[in-house]
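Engineer:
Protein chains: 4
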Amino acid sequence: VGHGGYAGEELVAYLQRHDAVAPLLLDLPRHERRPASPRDGSAPSKAILQARQAIAQPPPAAAPARSSVEEALEGPPLDAVFLATPIGISLKLAPRFLSAGTRVIDLSGAFRLSTAAAFEAWYGTTHSCSELLQVAVYGLPEINRQRLAAARLVANPGCLATAANLALSPLQHAGVIDAQSLVVCDAKSGVSGAGKESRAATSFCSVTDNFSLYSSMAHRHVPEILDVCRLEQERFLFSAQLLPVRRGVLATMYFQLDRGAETGDLEAALADAYAAEPFVDVYPSGSFPNLASVVHTNQCRLGHEVVEPGRRALVVSALDNLGKGAAGQAVQNFNAMFGLAETTGLLPS
Amino acid sequence: VGHGGYAGEELVAYLQRHDAVAPLLLDLPRHERRPASPRDGSAPSKAILQARQAIAQPPPAAAPARSSVEEALEGPPLDAVFLATPIGISLKLAPRFLSAGTRVIDLSGAFRLSTAAAFEAWYGTTHSCSELLQVAVYGLPEINRQRLAAARLVANPGCLATAANLALSPLQHAGVIDAQSLVVCDAKSGVSGAGKESRAATSFCSVTDNFSLYSSMAHRHVPEILDVCRLEQERFLFSAQLLPVRRGVLATMYFQLDRGAETGDLEAALADAYAAEPFVDVYPSGSFPNLASVVHTNQCRLGHEVVEPGRRALVVSALDNLGKGAAGQAVQNFNAMFGLAETTGLLPS
Amino acid sequence: VGHGGYAGEELVAYLQRHDAVAPLLLDLPRHERRPASPRDGSAPSKAILQARQAIAQPPPAAAPARSSVEEALEGPPLDAVFLATPIGISLKLAPRFLSAGTRVIDLSGAFRLSTAAAFEAWYGTTHSCSELLQVAVYGLPEINRQRLAAARLVANPGCLATAANLALSPLQHAGVIDAQSLVVCDAKSGVSGAGKESRAATSFCSVTDNFSLYSSMAHRHVPEILDVCRLEQERFLFSAQLLPVRRGVLATMYFQLDRGAETGDLEAALADAYAAEPFVDVYPSGSFPNLASVVHTNQCRLGHEVVEPGRRALVVSALDNLGKGAAGQAVQNFNAMFGLAETTGLLPS
Amino acid sequence: VGHGGYAGEELVAYLQRHDAVAPLLLDLPRHERRPASPRDGSAPSKAILQARQAIAQPPPAAAPARSSVEEALEGPPLDAVFLATPIGISLKLAPRFLSAGTRVIDLSGAFRLSTAAAFEAWYGTTHSCSELLQVAVYGLPEINRQRLAAARLVANPGCLATAANLALSPLQHAGVIDAQSLVVCDAKSGVSGAGKESRAATSFCSVTDNFSLYSSMAHRHVPEILDVCRLEQERFLFSAQLLPVRRGVLATMYFQLDRGAETGDLEAALADAYAAEPFVDVYPSGSFPNLASVVHTNQCRLGHEVVEPGRRALVVSALDNLGKGAAGQAVQNFNAMFGLAETTGLLPS
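Protein chains in written order, with the numbering used here: chain F, 102 to 450; chain H, 102 to 450; chain B, 102 to 450; chain G, 102 to 450.
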């Protein structure tokens, strides 16, 4: 559901090359749909049409008043549904699909925080089905894999939060980061992270040849970082800045090493955490990934440097906001939920 | 009026460096205003504020229901008004300013065509003050200078039309272009040509890394080319294509040389036409101007090549759609109307 | 050979997802190598490394003086070699691989023209193995498929030529284009078409926010168009212009319809030619493909419009210069040469 | 000298609109010249030619072996010379011009550090005229104005250092920044900061759609920040990242407030420091400048936010690397050296 948005389109592309799924594109009732993409509004190629025919169910000859989402909810239960929808729609649809026996992977922010109070504080609105917040599993497989197999509802993480958490979480848990001093995350995001709605702030003339800070500690991805890394809000500083690129997230993080940590501990902590992870690449010290090397992939790539004397460190984390930051991670979560190899449908070729 | 749009902003910048004017920014009634630019929405610099204070009248302590346009129409007549407004607003305001004794330079398409029938055919709507179409002077000073001194209403040309007309008009009138064969104009435009309104087609994600044809023979600038160059519609082909750049127009034109023309006649016709023109630069044969060399200027630059054997030719015309294609040309027209040196306020420094 | 250039990198990506090949990356002797890409110079992801391990032969423990190209030439013959190399190197390597019994797909301009005289005229240098010009098959499968099965040497076409030929060739052969009047091709190309060598003209600061005509009738792709479409040079006009995008070609073509042709004949000719072609999409009249819809694919997409009265037409052709304009087409040729389904390895998922 | 580089071109543009100077373009001997810009290589417009004629001295009819720099050194002393040259050339020319009685504004890094040891440590080479390091005045007028009037040699600051120093220096000197904790500067720079030489890292295909960290604590602008702000190296973390834009620098800084500081002290310290400065704009708390608002100006714009509880702060500083970061600042320094109003030639209109 929500296959017309940027994350939804990417998800459709991932699922089309996934061997173990027969995807079905569900439409919202017309008044809740987002506008189609003008960029991709052209007729699809024959090859794509052919591929789509292979996967798409014939549209039911139903009364026009009923959307295909409604059809799906009333028919035999689907195995899983991906909600690439705004929060308000996810809040409506998730409980209904769960009741119908369908497992849900939600790409919105609706189920990422663990309490109704936290949701209200960060999202500025009450949560209409807060009982599900305890049911939901935070879908960051590298950190939370063991809980995914049994999950009925998975909250797919925010893209900036994923970039920060994959970098900071193993360091924090290994005790590499000094517990008293400032931890800084300077995140830069491509424009597709802002969604497809037309707004002055994301017009070509506003974004090209430009760069700006658009959010700081009030950004909704911040609590996901505080939660996963068990960081106190008082010692964390974050900003989100808009890059003049279509896709990609690169976050640069800065902190002091713990007094008990040796210089090599940082690299060791990352290497240990990700030695067996197919989607996280750790660069050697002093080398840093760039955006172009992660775009159109499900990889998160980490670079780091310890600066001595002074026990300071910086870590760079890069990923595709529509890949590992959204649709790719959603498919990875799906694979973990259904006992499939986690790389299914996610390899570059 | 209309100082918040792209052309309007540029016009304000030009007028601020113009020695002979004391510009006054007039606001439309609130419900007719366009949204402010997010890009420039930041606080202006001290230097700019200082400059603006020098020029801007203090806002009148009037009843809030009256806009400053209304104030201006009711007070002592202004010498001139620039309308950088949509057609609908220009159609309303032009007659009122003219009645008040104010000369009008209109940057919209409202008064560019010479008959009500032509306006209806190309703009798809009736003209509410068609008696002004004969009053209006088409404001292309290099072609039409002698009529500007007495003009009360000047129709500032379309940006693509200006690029094409400055290239083709002297060639057509010198008999260089074969009268039977096809004349092609392949025009490429930057995104600011589409105005400031937020639309999916001009979002960053739609435009970046992309290029597309968005209009062909139905483009509203076509009749301006047919009129100025006295070309028959049946032998002209035009397309407008969207470049992933903020500003600038580059048009490439192709045609057959007239049988009576010699190879050197094309260069001679351009050189003759523009020897004394400060804002048109003719490149030597085989050299072509690029967009970057005209952006942020009031220049139109022309390159050309005659290909032999075969008597074919191509001409490239480049200008800034907000400079010579809109605001710069409007100031040039203003200078011509008021007997000032035409370069006043338009030189790069 | 030549896997470090833009087309070579793309070719490696295509071959990695091709089920029927076991690709081997051959290195030139060090002094003939081009510089590696800084963009992709970062460590490849684990998934990619894994995939590469599966395909790449272990580097032979040979004396350092011998490159892997030399090894390959001396060992048991390979089935086929792709040369993504500059003309000079292709001229050296093609005869040697052919002598060794290896079929050659050459992506350079070395074998695209049919005579030594034509090569000299357009490339400004003599051809060192002109006897191969008659052996070489021009690798445009949609036009030349029947000759590919037996081809030992395939000349992969130029990207701009492919865009023009797929549009014009069926129209020309169906008699839709007037035989006397001008045919114009205004081609726009992304920067990767200029290759990976560092030059001022392709630096970021030169290209961004810019657009320029860089070549006209002397462009080396012009004779390929004249040959395939059987157009006389005297009635053809061409220009190549540089778009500020990384990849993609869009060509707009303009011409008169033949007196004997009816308005619908143009669409019919395209539809007939490409009904069964998986990699050419014909849009309905009045719709036009954009760059974004073809980038990262092997599709060529065609839009068209007939303008009446006047019997004029414009056709737009869009493709990815590294896909259908180079590497994708090379793989399509390979498939045709070896009797494989032509879409093998070329579908988007 | 050095008018062909990006900073040099900008300097020429600034000096052409400066009322109090008669600039003279001096050429290096041919073998030391940098390549001309392809972007601007087209013929200048008539208006520019005219303006240049007005300012440029006629080229002396000298023997071709002597460059105009040599002529200038041997003739009557010029009042001042701007060196927009690489370090090696500045090291050669600065002593010679000083000996000839000409005051020097050097835009390179040759004279920015105060000791030969520091120069060697950061630039990796010995200093050939280290006696001048004590003579040179660091040309940041807002901090160092009183020393400029008598300066014979001015070292124009690095662009990233200027962005950081204008933000941090008043805060550090007002005791707003905690003296123990980490100070972070995450700087983003446009591509023109890397100079005009063709390199793979600054090619269009490398930079577009990309973003990367290219330098950290070893960046040559770091010691300028440590010096001006009297920061200990051990508590400072810096990175420089490459934005896909032509020009502009935006640096985001993060730190803890001093225990003795109140929340409002940060804003007060900036407001106090810059109340009378025409080229530094302080935004209200929570508002941040973007790149587009400073490009093509000599402004530095500062935004800030104090995050409570936790006494943390972030400050954003934006400027044009070719304006306040190079040529504009050089003109500002020149004005201060010669007792002119500092804004002469630097206002936007």
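Glycine included, every Cβ here is placed at the ideal spot set by N, Cα and C. As the structure is a prediction and not an experimental result, all values here were calculated from the model.
Counting along the chain, where does the alpha helix (DSSP H) carrying B/Gly-189 start and finish?
Structural biologist: Unbroken alpha helix (DSSP H) run through B/Gly-189: 188-200.
Engineer: Using the Cα positions of B/Glu-111 and H/Ala-442, report the straight-line distance between them to the nearest angstrom.
Structural biologist: Between B/Glu-111 and H/Ala-442, the C-alpha separation is close to 57 Å.
Engineer: Using a 10 Å radius around the Cβ and a threshold of 16 neighbouring Cβ atoms, would you call H/Gly-365 buried or exposed?
Structural biologist: Exposed, because fewer than 16 other Cβ atoms sit within 10 Å of the Cβ of H/Gly-365.
Engineer: Name, please, each residue of chain F whose Cβ falls closer than 8 Å to the Cβ of G/Gln-334.
Structural biologist: In chain order: Gly-411.
Engineer: Can you tell me the Cα-Cα spacing of B/Ala-78 and G/Arg-213, whole angstroms?
Structural biologist: The shown model of chain B, from 102 to 450, leaves out residue 78 of chain B, and the question about it has no answer.
Engineer: Considering only their Cβ atoms, is the gap separating G/Gly-210 from G/Ile-190 smaller than 7 Å?
Structural biologist: No, the pair does not count as a contact, with Cβ atoms beyond the cut-off.
Engineer: Which runs of the alpha helix (DSSP H) spanning at least 4 residues fall entirely within the region 278-351 of chain B, listed in chain order?
Structural biologist: Here the runs fully enclosed are 305-308 and 323-330.
Engineer: Straight-line CA distance for F/Ala-370 to F/Val-416?
Structural biologist: Answer to the nearest angstrom: the Cα atoms are 12 Å apart.
Engineer: Distance, Cα to Cα, G/Leu-261 vs B/Ala-393?
Structural biologist: Distance between the alpha carbons of G/Leu-261 and B/Ala-393 is about 36 Å.
Engineer: Per the contact definition of three or more C-beta pairs closer than 8 Å, is the region 410-428 of chain H in contact with the region 283-296 of chain H?
Structural biologist: In short, these stretches touch, since the Cβ pair count reaches three.
Engineer: Tell me the DSSP secondary structure of H/Ala-370 in three-state form.
Structural biologist: DSSP places H/Ala-370 in helix when its eight states are reduced to three.
Engineer: So, does the region 283-290 of chain H touch the region 347-356 of chain H, judging by three or more C-beta pairs under 8 Å?
Structural biologist: Yes: the two stretches touch, three or more of their Cβ pairs being nearer than 8 Å.
Engineer: Spatial neighbours of F/Glu-378 within its chain, please: C-beta separation below 7 Å, excluding the five flanking residues on both sides.
Structural biologist: Here the set comprises Glu-243.
Engineer: Buried or exposed, going by whether 16 or more other CB atoms sit within 10 Å of the CB of F/Ser-168?
Structural biologist: Buried.
Engineer: Give a yes or no on whether the minimum CB-CB distance between G/Val-417 and chain F is below 7 Å.
Structural biologist: Answer yes: the Cβ-Cβ gap between G/Val-417 and chain F drops below 7 Å somewhere.
Engineer: Which residues, in order along the region 162-193 of chain G, keep a beta-carbon less than 9 Å from a beta-carbon of chain F?
Structural biologist: If the cut-off is 9 Å between Cβ atoms, the region 162-193 of chain G has nothing near chain F.
Engineer: Which same chain residues end up closer than 6 Å to F/Gly-142 when comparing Cβ atoms and leaving out the 5 residues on each side of it in sequence?
Structural biologist: Any reading at F/Gly-142 must be qualified, since the residue scores a pLDDT of 39, below 50, and its modelled position is unreliable; the value itself is stated next. Once the five neighbours on either side are set aside, F/Gly-142 has no close Cβ partner at all.
Engineer: Which runs of the alpha helix (DSSP H) fall wholly inside the region 235-277 of chain F and span at least 4 residues, in chain order?
Structural biologist: Fully enclosed alpha helix (DSSP H) runs of 4 or longer: 242-249 and 260-274.
Engineer: Taking beta-carbon pairs under 8 Å, can you tell me which members of the region 270-294 of chain G lie near chain F?
Structural biologist: Result list: Ser-282, Leu-283, Val-285, Asp-287 and Lys-289.
Engineer: Check each residue of the region 299-313 of chain G: if its Cβ is closer than 7 Å to any Cβ of chain B, include it; give the result in chain order.
Structural biologist: Result list: Ser-299, Arg-300, Ala-301, Ala-302, Thr-303, Ser-304, Phe-305, Cys-306, Ser-307, Val-308, Thr-309, Asp-310 and Asn-311.
Engineer: Among residues of its own chain, excluding the 5 on either side of B/Gln-342, which ones have a beta-carbon nearer than 8 Å to its beta-carbon?
Structural biologist: Contacts found: Asp-287, Ala-288, Lys-289, Ser-290, Phe-312, Ser-313, Leu-314 and Tyr-315.
Engineer: Strictly under 7 Å for the Cβ-Cβ distance: is H/Gln-433 near chain B by that measure?
Structural biologist: No, because no Cβ of chain B sits closer than 7 Å to the Cβ of H/Gln-433.
Engineer: To which residues does DSSP link G/Thr-445 through a beta bridge?
Structural biologist: Looking at the DSSP assignment, G/Thr-445 forms no beta bridge with any residue, so it has no partner.
Engineer: Using beta carbons (cut-off 7 Å, strictly below), is B/Thr-353 in contact with chain H?
Structural biologist: So yes, B/Thr-353 belongs to the interface.
Engineer: Of all the options B/Val-255, B/Met-318 and B/Leu-233, which has the alpha carbon lying nearest to the alpha carbon of B/Ala-222?
Structural biologist: Among B/Val-255, B/Met-318 and B/Leu-233, the Cα nearest to that of B/Ala-222 belongs to B/Met-318.
Engineer: Is the CB of H/Arg-347 under 7 Å away from at least one CB in chain F?
Structural biologist: It does; some Cβ of chain F falls within 7 Å.
Engineer: Give me the Cα-Cα distance between H/Ser-386 and B/Phe-339, rounded to the nearest whole angstrom.
Structural biologist: Answer to the nearest angstrom: the Cα atoms are 16 Å apart.
Engineer: Please report the Cβ distance between F/Leu-403 and F/Ala-268, rounded to the nearest whole angstrom; I am assuming they are in contact, meaning their Cβ atoms lie under 8 Å.
Structural biologist: At roughly 6 Å, the Cβ-Cβ gap stays under 8 Å, so F/Leu-403 and F/Ala-268 are in contact.
Engineer: Quick check on H/Ser-307: buried or exposed, where buried means 16 or more other Cβ atoms within 10 Å of its Cβ?
Structural biologist: Its Cβ being crowded by 16 or more others within 10 Å, H/Ser-307 is buried.
Engineer: In angstroms with no decimal places, state the Cα-to-Cα distance between F/Ala-155 and F/Thr-203.
Structural biologist: Per-residue confidence for F/Ala-155 stands at a pLDDT of 43, beneath the threshold of 50, marking its modelled position as unreliable; no derived number is given.
Engineer: DSSP on F/Phe-183, reduced to helix/strand/coil?
Structural biologist: Reduced to three states, the DSSP call for F/Phe-183 is strand.
Engineer: Answer yes or no: do H/Ser-229 and F/Ser-304 have a C-beta to C-beta separation smaller than 7 Å?
Structural biologist: No. Outside cutoff.
Engineer: Taking only beta-carbon positions, decide if B/Ser-340 is within less than 7 Å of chain H.
Structural biologist: Chain H, which has a Cβ nearer than 7 Å to the Cβ of B/Ser-340, makes this yes.
Engineer: Considering only residues of the same chain and omitting the five flanking positions on each side of F/Glu-171, which have a CB-CB separation below 8 Å?
Structural biologist: So the list reads Pro-130, once near-sequence residues are dropped.
Engineer: Can you give me the start and stop residues for the beta strand (DSSP E) that H/Ala-376 sits inside?
Structural biologist: No beta strand (DSSP E) contains H/Ala-376, which DSSP labels as neither H nor E.
Engineer: By DSSP, does F/Val-113 sit in helix, in strand, or in coil?
Structural biologist: F/Val-113: helix per DSSP, three-state reduction.
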